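The letter at position 166 of the sequence shown is residue 166 when you use full-length UniProt numbering, and the numbering goes up by one with no holes. C-beta: ideal position from N, C-alpha, C; glycine also. The structure presented is a predicted model; accordingly, all values stated were derived computationally and were not measured. Here's the structure we're looking at; comments come further down.
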Amino acid sequence: MDFRSGLNSDKPQIINLLVDSFKEYITTKNMFQQEFRSSAKFDKLLHKYFALEVNVFMKKGLVYVGADGKGKPRAVALIEFNQGRQISNWDYLSMDGLKLIPQILMSGFNGFNAFDIFKFEDLFDLVKGKKKCAVEYLAVDKSLRGQGIGSKMLNNHISPYVKKIGYRNIILETNTQKNVKFYKKNNFAVRSVKKVNLSHGDVKDWVLSKAI
């Protein structure tokens, strides 16, 4: 698998990878009502949300893919750094992020629910060190799961890349015990864990990190 920066031509595949990976994620489920999650509008909203995320991260050059022999993205990582090419609220606003807010509010994700996104940790504050990066999203093609692609992305590609450019800590966040087990297998250690009260149910929030 070829590890490279994401291209504009990759965007449709990258967005689909993220939607497929996070559509049934426990955190997504507990932010939206079940009735809405069963509708086509939910799928459409997720596509718009991840399109915004991909556009923001790609503008900063922070989207990385694992591509197959034909160049098709089969895995993707969106990585944020605490120095240099940092992402700000202005990046989202400049990408028409405000236009997404009314659609989210109309979905049943009301003004009170919107505070859910602020209940999670600021990852950079939890790990010591001057130069840190956070894997904000990591997704693998569903048809290829179980083949070690996620581990290869972390160990063979992401870790060497961020180390080469001077970073020594990788941080990430997850809300499932299954993912915690996966990251521990890849030499991440739990730094914090807490319960987060979301609008339609609670989730556990684990923050893990690895020195490289």
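| Asked | Found |
| --- | --- |
| Rounded straight-line distance, which links the Cα of Ile14 to that of Ala77 | 9 Å |
| Pairwise C-alpha distance: Gly69 and Asn113 | Residue placement at Asn113 is flagged as unreliable, the pLDDT there being 48, under the threshold of 50; a coordinate-derived value is accordingly withheld. |
| Where Phe93 falls: helix, strand or coil (DSSP) | Correcting the residue type first, residue 93 is Leu in the shown sequence and not Phe. DSSP places Leu93 in helix when its eight states are reduced to three. |
| Three CB pairs or more closer than 8 Å across the segment 50–61 and the segment 80–98 | yes |
| Cα-Cα separation, Leu17 to Lys130 | 32 Å |
| Element boundaries [alpha helix (DSSP H), containing Ile79] | Note, Ile79: premise wrong, no alpha helix (DSSP H); beta strand (DSSP E) at Pro73 to Phe81. |
| Trp206: CB within 6 Å of a non-hydrogen atom of the ligand ZN | Summarising the ligand content, the structure contains no ligands, and the ligand ZN is consequently not present. |
| Beta-carbon proximity of Val54 to Met95, cut-off 7 Å | no |
| Reference Asn8; option with closest CA among Ser39, Ile171 and Val65 | Val65 |
| Between the CA atoms of Phe36 and Asp125 - distance to the nearest angstrom | 34 Å |
| Reduced DSSP category for Asp122 - H, G, I as helix; E, B as strand; rest coil | coil |
| When Ile26, Ala75 and His47 are compared against Ser5, the one with the closest alpha-carbon | Ala75 |
| Whole-number beta carbon distance between Leu138 and Gly148, since they are thought to touch under 8 Å | About 14 Å separates the two Cβ atoms, so there is no contact after all. |
| Unbroken beta strand (DSSP E) run spanning Glu173, endpoints | Asn169 to Thr174 |
| Gly97 versus Asn155, Leu45 and Phe22, residue with shortest Cα-Cα distance | Leu45 |
| Own chain, CB closer than 7 Å to Lys163, minus 5 neighbours either side, in chain order | Ile212 |
| Neighbour-count burial assignment, Val190, 16 or more Cβ in a 10 Å radius | exposed |
| Rounded straight-line distance, which links the Cα of Ser192 to that of Leu172 | 11 Å |
| Counterpart residues of Asp202 in DSSP-defined beta bridges | Asn197 |
| Simplified DSSP state of Tyr64, which is helix, strand or coil | strand |
| CB-CB length for Asp205 against Asn175, believed under 8 Å | 6 Å |
| DSSP state of Leu7 mapped onto helix, strand, coil | coil |
| Val54 - DSSP class collapsed to helix/strand/coil | helix |
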